[in-house]
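Student: For reference, the structure I am asking about is given below.
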Amino acid sequence: MKSKTPFIWALIGLIVGFFTSLNGIVQYLMFKSSNQGFFNEISNSLKINFEAIMTWKLISSILGLVLSVLLIFYVIKLSKTPTKKEYIVTTVLGGLGTFLGIGLGGILVLVGGIMGIVNLNKQESVSN
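19 is the number of the first residue of the sequence shown in the working numbering; add one for each residue after it.
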């Protein structure tokens, strides 16, 4: 019997990543609708460009949102017939997602992918 634990970790990570990415988009919209004079004053005194930082946050959040939606469907497909290759793909995309707006969710996907690889290796060694 195959363990569903890696699947559950990855799915929870993707749901967390989806909402984290959504939160990044909401933060950008709140930044754009806020008092820009205040941010311009701080930006000039600290020599930090908040506009560039928030634009990057928006881009990474959109990419994270797309990646988490695609990975949710991939992980659901993975739950039916998991292979080592599919767990490796999930792990790599989870690692990429960690830097693309998914954040903590990407780390949970990484953990789920690694657990899946380890479980499949154990099953292969027992059957041999």
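Think of the CB as a built atom: it goes at the ideal place given N, C-alpha and C, for glycine as much as any other residue.
Predicted model only: the values in this text are computed from it and were never measured.
Is it buried or exposed, M19, if we count other Cβ atoms within 10 angstroms and call 16 or more buried?
Tutor: Residue confidence is low: M19 scores 44 on pLDDT, short of 50, so the model does not pin down where it sits. Its coordinate-derived value is still stated next. Classification for M19: exposed.
Student: Return helix, strand or coil for L29, following the three-state DSSP convention.
Tutor: Helix.
Student: Taking all protein chains shown into account, do 16 or more other C-beta atoms lie within 10 angstroms of the C-beta of F25, making it buried, or fewer, making it exposed?
Tutor: By the 10 Å Cβ count, F25 comes out buried.
Student: Alpha carbon to alpha carbon, what distance is there between S63 and L104?
Tutor: Sequence inspection shows Glu at residue 104; the Leu mentioned does not correspond to that position. In a straight line, the C-alpha of E104 is about 49 angstroms away from that of S63.
Student: Determine the DSSP secondary structure at L118, reduced to helix, strand or coil.
Tutor: Three-state DSSP puts L118 in coil, outside helix and strand.
Student: Where does the unbroken alpha helix (DSSP H) through T73 begin, and where does it stop?
Tutor: Per DSSP, T73 belongs to the alpha helix (DSSP H) from F68 to K98.
Student: Could you give the DSSP three-state label for S52: helix, strand or coil?
Tutor: If DSSP states are grouped into helix, strand and coil, S52 belongs with coil.
Student: Tell me, to the nearest whole angstrom, how far the beta carbon of G130 is from that of G42; I am working on the premise that it is less than 8 angstroms.
Tutor: In fact, because the Cβ distance is near 22 angstroms, the residues do not count as touching under 8 angstroms.
Student: In whole angstroms, give me the CA-to-CA distance for E69 and G121.
Tutor: Cα to Cα, E69 sits roughly 21 angstroms from G121.
Student: Could you check whether G112 and G82 sit closer than 8 angstroms to each other, using their CB atoms as the reference points?
Tutor: Against a cut-off of 8 angstroms, the Cβ pair of G112 and G82 comes out as no contact.
Student: Using only the alpha-carbon positions, how far apart do I90 and K65 sit?
Tutor: If you take the alpha carbons of I90 and K65, they lie about 40 angstroms apart.
Student: Could you compute how far the alpha carbon of K147 sits from the alpha carbon of I60?
Tutor: In the structure as shown, the chain starts at 19 and stops at 146, and residue 147 therefore has no counterpart that could be examined.
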